[in-house]
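Numbering (our numbering), first residue to last: 277 to 699. This report refers to the structure that appears directly beneath it.
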């Protein structure tokens, strides 16, 4: 070759420029220039060829170790383009052959994976079709959300099937969501009609009450009550105002009617409310008991029983619950006071009544002082500190409980102060 001053199997130098010999139908290509000596220039590009070898070897290793091998196809394609334009001296044909073999391997995997993905997605579509026919909308929504999550995690399918299978899956989901939307719209319409009927019955009761002719309108009121019972269910929160209004009107009406007829009204109390009333009275009685330890054991049982009595909010009497809680608090505080006193003074029962009262007063003073200090520390340690909504709620609940208990301690202390002064 004319003008060639240095040459090997893969490259040559001509006119001070380094050329890579053509291969695979590619022409000779200049890859550099001689800076100092031709030998140094040759060796530089021979060394650079090793970079290409290392890149191919590294990619092979990554593909072997990877779980998702198909994701390396793009990287392989990019590396092949770089090799075809890589400035180095060496045999690139084996490197390209290695990449061809790896590409064939990856494409085979991808075809297999896409076929598997297609089978999985077809199964998910069938699962969704079955799930969407269930009658419980909430359960179906959860099931379809789970199916949708699995769908997203499943890889792509072959392009000819991609659009159709995605459309089929979307149609299955859309069918459920449209039917659910229609169902709730119909439910809201029915509830709206029922609420209007309830409001109409309230207005009817108001009109009867204003008429004042109790005896003549009694049958009409009974009819209104009968219609009320047959209107149908609506969410309790939405009916709350109308229910209370109707209940109040009918109660007042019966009071007026009975007064006009000379009938003695026998008030009916809900058995659950009555049970709580009795428990409250018993707790207040126990708080004055001489045997405070026995009272404590009984109060523990009553607290558990109280939790099991489920009184609807519109029937619950707040004052009863507060008095019951206060009576139990008092029992437990007095029990603790007696434990402290009898532990410090084993001969407490042999003291005079005056000495016993003074002893309990002094110990209760100490208990109150300690409780105030503990509450102050608790409040200060949590000021300006946020631990998240849930923990903040727990902390505030704890603070309110400690305040309530401190208040009862102070009530007992004041009672003991008066008792001591009366001696």
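The beta-carbon is built from N, C-alpha and C at its ideal position, and this holds for glycine as well. All values derive from a computational prediction rather than experimental measurement.
DSSP places residue 501 in the uninterrupted alpha helix (DSSP H) bounded by 494-506.
Counting along the chain, residue 281 sits inside the beta strand (DSSP E) bounded by residues 280-283. Contact annotation: residue 321 and residue 365 have beta-carbon atoms nearer than 7 Å.
Taking 7 Å as the cut-off, the beta carbon of residue 604 is found no closer than this to the beta carbon of residue 571. Secondary structure at residue 383: helix, using DSSP grouped into helix, strand and coil.
In terms of CA proximity to residue 385, 344 leads the group 344, 413, 405, 374. Residue 682 is a Cβ neighbour of residue 651, given a cutoff of 7 Å. Comparing alpha carbon positions, the residue from 393, 332, 286 closest to residue 442 is 393. In this chain, the alpha helix (DSSP H) harbouring residue 601 covers 594-620. Residue 287 is bridged by DSSP to 296. Taking C-alpha positions only, residue 648 is separated from residue 508 by approximately 54 Å.
Around the beta-carbon of residue 459, fewer than 16 other beta-carbon atoms lie within 10 Å, marking it exposed. Annotation: residue 359 to residue 328 spans about 7 Å, alpha carbon to alpha carbon. Going by DSSP, residue 438 is part of the alpha helix (DSSP H) stretching over 435-487. When secondary structure is reduced to three states using DSSP, residue 648 falls in the helix class. Between residue 555 and residue 599, the C-beta gap is not smaller than 7 Å, which leaves the two residues out of contact. Beta-carbon to beta-carbon, residue 408 and residue 452 are separated by about 4 Å, close enough to satisfy the 8 Å threshold. CA-CA distance, residue 430 to residue 325, rounds to 40 Å. By the neighbour-count criterion, in which 16 or more other beta carbons inside 10 Å mark a residue as buried, residue 517 falls on the exposed side. The three-state reading of DSSP puts residue 346 in helix, counting H, G and I together. DSSP places residue 639 in the helix class (H, G or I) of the three-state scheme. By the 16-neighbour rule on beta-carbons within 10 angstroms, residue 397 is buried. Residue range 305-309 is occupied by the beta strand (DSSP E) that includes residue 307. Scanning its chain for C-beta atoms nearer than 7 Å, with the 5 sequence neighbours on each side dropped, one finds around residue 282 the residues 288, 289, 314, 318, in chain order. Residue range 512-537 is occupied by the alpha helix (DSSP H) that includes residue 515. The Cβ neighbour count for residue 495, taken over all protein chains shown within 10 Å, is under 16; the residue is labelled exposed.
A check of alpha carbon separations from residue 403 across 583, 444, 529, 469 identifies 444 as the nearest. Residue nearest to residue 505 within the set 353, 522, 433 is 522 (criterion: CA-CA distance). Less than 7 Å divides the Cβ of residue 369 from the Cβ of residue 299. For residue 566 and residue 614, the gap between their C-alpha atoms comes out near 11 Å. Short of 8 Å from the beta carbon of residue 311, and not among the five residues preceding or following it, lie these beta carbons of its own chain, in chain order: 317. The beta carbon of residue 485 sits closer than 7 Å to the beta carbons of 525, 528, 529 from its chain, once the five residues preceding and following it are set aside; these are given in chain order. When only Cα atoms are considered, residue 535 and residue 558 end up about 34 Å apart. DSSP, reduced to helix, strand and coil, places residue 365 outside both helices and strands of the structure shown, so it counts as coil. The continuous alpha helix (DSSP H) containing residue 330 extends over residues 314-341.
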